[in-house]
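All remarks here apply to the structure that follows.
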Amino acid sequence: MQYASTHISAWQARAQRIGDATLRLLDGVAQFQYFVSCFIRHVLSLQWLRRPAVIRVLIRQLYFTGVEGLPWVLVMTLAGATAVYSVVPFARQLNDNSMIGTLVNALLVQELAPLLVSIFLLARSGVAVVTEIGHMHVRGEDMLLRSMGINVMTYLFLPRLIAFSLCGLILTVLFAASSVWLGGLMLAWTDQMPFTHFLLEVRHGASLDGALLLVAKALMYPLLCCAMLLFQGCRAGRNPNLMPVCTTRGVLWALMLMLFADVLIALLRSLL
Amino acid sequence: MIRLCWKEMRLLDADVLAGDVARGEILRLVMPRRYQLAWLQLMTGATQDQPQQEAQIWLETPEITVDSSSRVFSQHVVYLLHQHGALANLSLRENLMLPFLYGGLSDEMARANDLLPEVAEWLDIGDALDAQVGERSSYMHALISLGRSVLMQPDIMVVQDAHVGMQAHQLQRLRILFGEALQRLGAGVLYLSSSAQDGMGIDFCRSLELAGELVGTEDM
Chain A
106 MQYASTHISA WQARAQRIGD ATLRLLDGVA QFQYFVSCFI RHVLSLQWLR RPAVIRVLIR
166 QLYFTGVEGL PWVLVMTLAG ATAVYSVVPF ARQLNDNSMI GTLVNALLVQ ELAPLLVSIF
226 LLARSGVAVV TEIGHMHVRG EDMLLRSMGI NVMTYLFLPR LIAFSLCGLI LTVLFAASSV
286 WLGGLMLAWT DQMPFTHFLL EVRHGASLDG ALLLVAKALM YPLLCCAMLL FQGCRAGRNP
346 NLMPVCTTRG VLWALMLMLF ADVLIALLRS LL
Chain B
63 MIRLCWKEMR LLDADVLAGD VARGEILRLV MPRRYQLAWL QLMTGATQDQ PQQEAQIWLE
123 TPEITVDSSS RVFSQHVVYL LHQHGALANL SLRENLMLPF LYGGLSDEMA RANDLLPEVA
183 EWLDIGDALD AQVGERSSYM HALISLGRSV LMQPDIMVVQ DAHVGMQAHQ LQRLRILFGE
243 ALQRLGAGVL YLSSSAQDGM GIDFCRSLEL AGELVGTEDM
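Set out below in structure tokens:
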């Protein structure tokens, strides 16, 4: 009898823990959804365009995320070019050269490029964003901004989100284009395939749908990453000890969010 | 007459009586630090993006009444916060000009830009205007807030223990500068202090003490 009651109370404690964790998760999801809806409302209002302070932050963020990140993306092109280089022998094994364009577009342009560039942005600029926002909260700078009638969403978050999206798009397109170009050069250099022939195959495999998918992913993944990082940065509150926790949580959840989005897009595409 | 008003309310675990401070009047509220922060959060609308409840602190002008979360309110009321006067990643110039750069009104921006060299010289920070703020002392935070206040020409200044934690000679200089600023602006002051003895040497017309509950009202 006593064993049964102990057993039941242990199960009740477990159920309580699972329930608490689920409620916390749902609360976090609701807060994140509110955060994203605030961002969309502020972007669409377009009032930020007539605020020089916001434009200045946006330019700084574009420089930091886009211009300073460009050399690293070009270095990453080596990985993209290697992927392109590996596709050709694979297509030759199947005795189907038309597979080259399809594979390059499906694997590199639509999948690898947006994912790799987003992970790069997350690792390089994302960590900086979450720690910067966290420190601003710890130092009470959010209260100072509010005391001046400055909307934190418009001044702090919006430029970073826009910069992440824009730079994500530009860097992804650059990464994909330079990977194809460098991969083609490597193929020509090793006498596997003439450069122009390779470019023609890639062009045959390209489609408007694929290009739109690239644009959508290249805009959305960095945006989701940045939104999650900002959201977690705010959660540090006034406690500096929470900074490492928020940074780790921000990076991990941003990665998860990106993967969920990728799976969701794949599912939707297969359904449509 | 422009007045900053608040209704009778519950602040954390304390009751606060309704009150107001008019332009040209100097009022001190003595309360511990956590009550000060709660008061400031109430004033600055820390939940700016959420649906606003009934305003508890508002500004009455002859023309309109504006609640503390509105942008108009922040054009009439400025804050000198302890250790929170500047954004670390901006230059001194950008910190001083931030409300104008955010507002985006070209006339106001031009006026503040013209006044900026004079204010910087008065505060003796002219040489450092383009330096990044970074980590600064309480004194520098107070100077930046004071400079911004003079540029904004407010009707009411809310000061939260701005004089605490600085060296004696800096405190003396800040007192002089604050007095000059008050004389120049003619603004009303709501001084949130954690000590009834402190207060930057200002003659307060009224001083209310809050310590868990409202202890008393004293005319100075």
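In order, the protein sequences belong to chains A and B. Per my numbering, the first sequence starts with residue 106, numbered consecutively. Per my numbering, the second sequence starts with residue 63, numbered consecutively. For each residue, glycine too, the CB sits at the ideal point set by N, CA and C.
Counted as a single uninterrupted DSSP element, the beta strand (DSSP E) harbouring methionine 71 (chain B) occupies residues 71 to 73. Closer than 8 Å to the CB of glutamine 234 (chain B) there is not a single CB belonging to chain A. Annotation: the continuous beta strand (DSSP E) that includes glutamine 222 (chain B) extends over 218 to 222. According to DSSP, glycine 166 (chain B) shares a beta bridge with no other residue. Within the model, the alpha-carbon separation for histidine 309 (chain A) versus threonine 277 (chain A) is close to 21 Å. Taken in chain order, the complete beta strand (DSSP E) segments of 3 residues or longer contained in the stretch 104 to 150 of chain B are 119 to 122, 127 to 129 and 139 to 143.
Residues of the stretch 254 to 279 of chain A whose Cβ lies closer than 9 Å to any Cβ of chain B, in chain order: Gly254, Ile255, Asn256, Val257, Met258, Thr259 and Tyr260. In the DSSP assignment, valine 212 (chain B) falls within the unbroken alpha helix (DSSP H) covering 200 to 214. Only buried fits valine 214 (chain A), as 16 or more other CB atoms lie within 10 angstroms of its CB.
Closest in alpha carbon position to histidine 302 (chain A), among A:Val285, A:Leu313 and A:Glu237, is A:Val285. When the alpha-carbon of alanine 117 (chain B) is set against those of B:Ser132, B:Ser257, B:Glu183 and B:Leu163, the nearest one is in B:Ser132. For proline 161 (chain B), the chain A residues whose C-beta falls within less than 9 Å of its own C-beta are Ala158, Met253, Gly254 and Ile255, listed in chain order. Contact with chain B is found for glutamate 246 (chain A), since one of that chain's Cβ atoms lies less than 8 Å from the residue's Cβ.
Of all alpha-carbon atoms in A:Asp132, A:Ser223 and A:Ala120, the one lying nearest the alpha-carbon of alanine 268 (chain A) is that of A:Ser223.
In the structure shown, aspartate 186 (chain B) adopts coil according to DSSP, grouped into three states. Within the DSSP bridge table, the entry for valine 251 (chain B) names B:Ile88 and B:Met219 as partners.
Residue range 157 to 167 is occupied by the alpha helix (DSSP H) that includes arginine 161 (chain A), with no beta strand (DSSP E) assigned at that position. Boundaries of the alpha helix (DSSP H) harbouring glutamate 306 (chain A): 300 to 310, taken from the DSSP string. Close partners of arginine 340 (chain A) in chain B (Cβ separation under 8 Å) are lacking, with about 15 Å as the shortest Cβ gap. Of the candidates B:Gln103, B:Ser255 and B:Ala80, the residue whose Cα lies closest to the Cα of leucine 74 (chain B) is B:Gln103. Against chain A, the beta carbon of histidine 146 (chain B) has neighbours under 9 Å at Arg244, Gly245, Glu246, Met248, Leu249 and Ser252, listed in chain order.
Under the 10 Å beta carbon count, leucine 364 (chain A) is surrounded by fewer than 16 other beta carbons and is classified as exposed. Listed along chain A are Gly245, Met248, Leu249 and Ser252, each with a C-beta nearer than 8 Å to that of leucine 143 (chain B). Per the DSSP secondary-structure output, aspartate 77 (chain B) pairs in a beta bridge with B:Arg72. Here the C-alpha atom of valine 172 (chain A) lies approximately 15 Å from the C-alpha atom of methionine 181 (chain A). Beta-bridge annotation (DSSP): valine 83 (chain B) is paired with B:Leu66. Interface annotation, arginine 229 (chain A): not in contact with chain B, CB-CB separation never under 8 Å. Taking aspartate 223 (chain B) as the centre and dropping the five residues before and after it, the same chain places the C-beta of Arg95, Gln98, His144, Leu254, Ser255, Ser256 and Asp260 closer than 8 Å to its C-beta, in chain order. Of all alpha-carbon atoms in A:Met248, A:Ala359, A:Gln337 and A:Leu261, the one lying nearest the alpha-carbon of alanine 100 (chain B) is that of A:Met248. Under the Cβ criterion (8 Å, minimum of three pairs), the stretch 345 to 353 of chain A does not count as touching the stretch 84 to 92 of chain B. Burial state of arginine 265 (chain A) is buried, judged by a 10 Å Cβ sphere holding 16 or more other Cβ atoms.
When C-beta distances to chain B are compared with 7 Å, the residues of the stretch 139 to 158 of chain A below that value are Cys143, Arg155, Arg156, Pro157 and Ala158, in chain order. Per DSSP, arginine 129 (chain A) is not a residue of any beta strand (DSSP E); the alpha helix (DSSP H) it occupies stretches across 107 to 150.
Leu163, Tyr164, Gly165, Gly166 and Met171: these are the residues of the stretch 163 to 179 of chain B whose beta carbon lies less than 8 Å from some beta carbon of chain A, given in chain order. Exposure of aspartate 186 (chain B) is indicated by the presence of fewer than 16 other C-beta atoms within 10 angstroms of its C-beta. For glutamine 337 (chain A), the secondary structure class from DSSP, reduced to helix, strand or coil, is helix.
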